[in-house]
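Novice: In my numbering, the protein residues as written are 165 to 387. By construction, the Cβ of each residue, glycine as well, lies at the ideal position given by its N, Cα and C atoms. Before I ask anything, let me first share the structure, which is written out below as structure tokens.
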Amino acid sequence: MIPTSSRLRTSQPRRRDTSQIYIRESKVFPAAEGKVQAIQALEACPLEWTCFLTGLLSDYLVMPHGKSYMTLLVVLVDMVHNVAAILGSGSVSVVLTYSFDIPKFVIRALALDHWEKEMYIIRDRITLNEVVALAEKFKASKFSVTHDYMYSLQAGRVTELLSHEAYYPYFPKEQMQGLLAFFGVMWKSGKCSLEPAHTLNQRFPDIETTNVRALLESAWKGI
165 MIPTSSRLRT SQPRRRDTSQ IYIRESKVFP AAEGKVQAIQ ALEACPLEWT CFLTGLLSDY
225 LVMPHGKSYM TLLVVLVDMV HNVAAILGSG SVSVVLTYSF DIPKFVIRAL ALDHWEKEMY
285 IIRDRITLNE VVALAEKFKA SKFSVTHDYM YSLQAGRVTE LLSHEAYYPY FPKEQMQGLL
345 AFFGVMWKSG KCSLEPAHTL NQRFPDIETT NVRALLESAW KGI
């Protein structure tokens, strides 16, 4: 539910965080309209607020064998079927963070005297070629790799991965193709690169996090 100004003014909390995705501009990404409205409501109220930005969850690369409470979403790399559809040449970097690490930073951030409007939690910045290389190493299998270039992405087309079929009963293929192609364009154009001046990881260097290499090894080695 989008918080209304009156609801926020009469509530007791002095702070609020809001979930956020890469793209805030609803004109670019209509699905973000609700999130844009939530931020507009917060800006109209006296509450101090922030967005915690984490990039893509590395959970999606380790499920179903790695520990996660997320719903499986196969994006770019289909670990189960040893296939990948990478963006362009594969040199595009993606930001990855493990879901179990995020609460550690959120809890510590509660004690900060001041909240910035955006606070970043970033564990890995890794190219898609590097992700595939790690996947092949720990699964001891060669992946079948296709390349989706900008002209295909802009036309709303991405390579269909085998795991995508399971989503079609409730997320039709055409819609899924369009969504993945949209984010492919955003990643390829650098709009999802998340390059802040500083991160909560730097602010709290004592917090231990798990990198994607360790997660992939734990989930897939020997399988």
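If you follow the alpha helix (DSSP H) that residue 223 is part of, which residue opens it and which one closes it?
Specialist: Looking at the DSSP string, the run of the alpha helix (DSSP H) that includes residue 223 is 223 to 226.
Novice: Among 279, 232, 306 and 322, whose alpha-carbon lies nearest the alpha-carbon of residue 352?
Specialist: The option with the nearest alpha carbon to residue 352 is 322.
Novice: Can you tell me where the alpha helix (DSSP H) with residue 340 in it begins and where it stops?
Specialist: Note, residue 340: alpha helix (DSSP H), 337 to 352.
Novice: Between the C-alpha atoms of residue 381 and residue 223, what's the straight-line distance to the nearest angstrom?
Specialist: Looking at the two C-alpha atoms, the distance is approximately 13 Å.
Novice: Using the Cα positions of residue 259 and residue 280, report the straight-line distance between them to the nearest angstrom.
Specialist: If I take the Cα positions, the gap works out to 20 Å.
Novice: Can you give me the Cβ contacts of residue 341 inside the same chain, cut-off strictly under 8 Å, excluding the 5 residues immediately before and after it?
Specialist: Cβ neighbours of residue 341 beyond the five flanking positions: 320, 321, 322 and 324.
Novice: To the nearest angstrom, report how far apart residue 292 and residue 180 are at their CA atoms.
Specialist: When rounded, the distance between both Cα atoms is 34 Å.
Novice: Give the single residue among 266, 231, 361 and 276 whose Cα lies nearest to the Cα of residue 373.
Specialist: The shortest Cα separation from residue 373 among 266, 231, 361 and 276 belongs to 266.
Novice: Evaluate residue 229 with the Cβ neighbour count: other Cβ atoms within 10 Å of its Cβ, from every protein chain shown; 16 or more gives buried, anything less gives exposed.
Specialist: So residue 229 ends up on the exposed side.
Novice: Can you tell me the Cβ-Cβ gap for residue 376 and residue 290, rounded? I've got them flagged as a contact below 8 Å.
Specialist: Their Cβ separation, rounded to whole angstroms, is 6 Å, which keeps residue 376 and residue 290 in contact under 8 Å.
Novice: According to DSSP, is residue 238 helix, strand or coil?
Specialist: The answer is coil: DSSP assigns residue 238 none of H, G, I, E or B.
Novice: Cβ of residue 208 within 8 Å of Cβ of residue 182?
Specialist: No, these two residues do not count as a Cβ contact at 8 Å.
Novice: Here's a check: name, in chain order, each residue in its chain whose Cβ is nearer than 6 Å to the Cβ of residue 316, leaving out the five neighbours to either side.
Specialist: Same-chain partners within the cutoff: there are none.
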